[in-house]
Each structure stands twice: as structure tokens, then as C-alpha cells.
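Peer 1: In the numbering used here, the protein residues as written are 1 to 76. Please read through the structure below; I'll follow up with questions.
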């Protein structure tokens with residue numbers, strides 16, 4: 001928005017960006033603006049987050065498995 005204002009779908013002004021930056025915006029209004037941002041970008045946020053979590057889980061499990069395999073081979 002050119003005037004620095006968050007707008008809801010029903011064209012209600014949520015929060016003036018400058019007032020939020022300087023702390024004069026209410027917490028509820030700030031959370032509403034954040035909630036709107038998260039709803040709009042749900043796929044863009046959740047897909048990379050879930051992908052990174054699954055990659056980390058696989059890497060962690062593989063690392064533990066390799067250490068266990070190494071200990072088994074050295075004990076024989």
C-alpha cells in the first residue's frame with residue numbers, strides 16, 4: 001500500500017505502519033495484522049518449514065543409525 005496501511009479484505013484500515021513501528025498501535029491490532037499476513041502466506045511459510053523439519057529429522061536419524069552401525073562393527 002502506498003500510504004503504509006494494512007487493509008483487511010473488507011477494506012477496513014487495520015494499522016498505520018508508522019504508529020505500529022513507534023509503539024502507539026494496540027497489541028490486538030498488531031496481532032490481527034500478523035494473523036492476516038500468516039493466513040495470506042500460509043503455504044509459503046508452512047511448506048519450507050515442514051520441508052526443513054523433515055530433512056533435519058531424516059539427517060538426525062541417519063546420523064544416529066551410522067553411529068550405531070559403527071559401534072556394532074567395531075565391537076565385532
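Note that beta-carbon positions come from the ideal geometry of N, C-alpha and C, so glycine has one too.
Per DSSP, what kind of secondary structure is residue 73 in: helix, strand or coil?
Peer 2: helix
Peer 1: Can you list, in chain order, the residues of its chain whose CB lies under 7 Å from that of residue 46, leaving out five sequence neighbours each side?
Peer 2: none
Peer 1: What number of angstroms, rounded off, separates the C-alpha of residue 60 from the C-alpha of residue 33?
Peer 2: 36 Å
Peer 1: Answer yes or no: the CB of residue 42 versus the heavy atoms of the ligand SAH, is any distance below 6 Å?
Peer 2: Questions concerning the ligand SAH fall outside what the structure shown contains, since it holds no ligand whatsoever.
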